[in-house]
Structures are given as C-alpha cells and as structure tokens.
Amino acid sequence: MLIDHVAEALKTLEELRRKCLDEIASDRILLSATLWNLYIAVQGCIDISLKIISQTRTQNT
Numbered sequence: 005m006l007i008d009h010v011a012e013a014l015k016t017l018e019e020l021r022r023k024c025l026d027e028i029a030s031d032r033i034l035l036s037a038t039l040w041n042l043y044i045a046v047q048g049c050i051d052i053s054l055k056i057i058s059q060t061r062t063q064n065t
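This is the structure in structure tokens:
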C-alpha cells in the first residue's frame, strides 16, 4: 500500500539522518539511497493527496 511505502521511506531517511552530511556526500550509494527515499516519500505524499482530492471531488458532485 502507498502509505506503507511512504512510511518505510521515512523510516529509512530517519536512519540515514544519523550519518554526517560529509559521509553521505562522499558516498555515492548513501547519497543515492537518500535521494531515492526522499523521492519516494515526497511522490507518495503527492499521490495520496491527489487521491484525497479526487475522492473529495467525487463526493461533492
């Protein structure tokens, strides 16, 4: 489910947050993991918002 993917991405980002910025910036894999999980979290929130908007519009018509 979409919410589970967002929650998992946020959990991973929370773990990555413990790393120092220099370590992430100098490690291609850590940087990629950070960017990917940030993308999943943001895009997931956008998708959830669009579903809510769509359902709200459907109910109001």
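Take the position in the sequence shown, starting the count at 1, then add 4; the result is the number in our numbering. Idealized CB from N, CA, C, for every residue including glycine.
In three-state DSSP terms, what is residue i?
i          : result
residue 55 : helix
residue 41 : helix
Is the Cβ-Cβ distance between residue i and residue j less than 8 Å?
i          : j          : result
residue 28 : residue 20 : yes
residue 9  : residue 56 : no
residue 1  : residue 13 : What the structure shows of the chain is the stretch from 5 to 65, and residue 1 is not part of that stretch, so it cannot be assessed.
residue 6  : residue 52 : yes
Considering residue i, what are the terminal residues of the alpha helix (DSSP H) in which it resides?
i          : result
residue 15 : 6-20
residue 26 : 25-30
Closest to residue i by CA distance: which of the options is it?
i          : options    : result
residue 18 : 58, 51, 39 : 39
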